[in-house]
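Remarks on the structure that follows.
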Amino acid sequence: MTTNNHQPNPLDCAPEEIKLAVDLIYLLESNEIDPNIALEALKIVEADLIKKLGTRN
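Numbering (our numbering), first residue to last: 15 to 71.
Next comes the structure, spelled out in structure tokens:
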């Protein structure tokens with residue numbers, strides 16, 4: 015008799031923002047992006063998203 019101890023991936027139940035954060039971290043690390051460059055780029059992305067949210071209202 016074989017038992018399947020396959021554990022579900024915790025990310026399957028995680029909120030969407032956690033899933034996206036994990037994907038972004040993987041992308042940055044797998045492409046060996048300097049953390050300082052990544053932080054500066056994320057500031058630009060944040061500003062762009064905030065601007066887009068402001069134009070929707």
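Where is the CB? At the ideal position from N, CA and C, for every residue including glycine.
- Taking 9 Å as the cut-off, the Cβ atoms of L53 and V36 do not count as close.
- In this structure, P49 sits away from L41, with a CB-CB distance that is not shorter than 9 Å.
- Boundaries for L25: no alpha helix (DSSP H) harbours it, and the DSSP string shows neither H nor E there.
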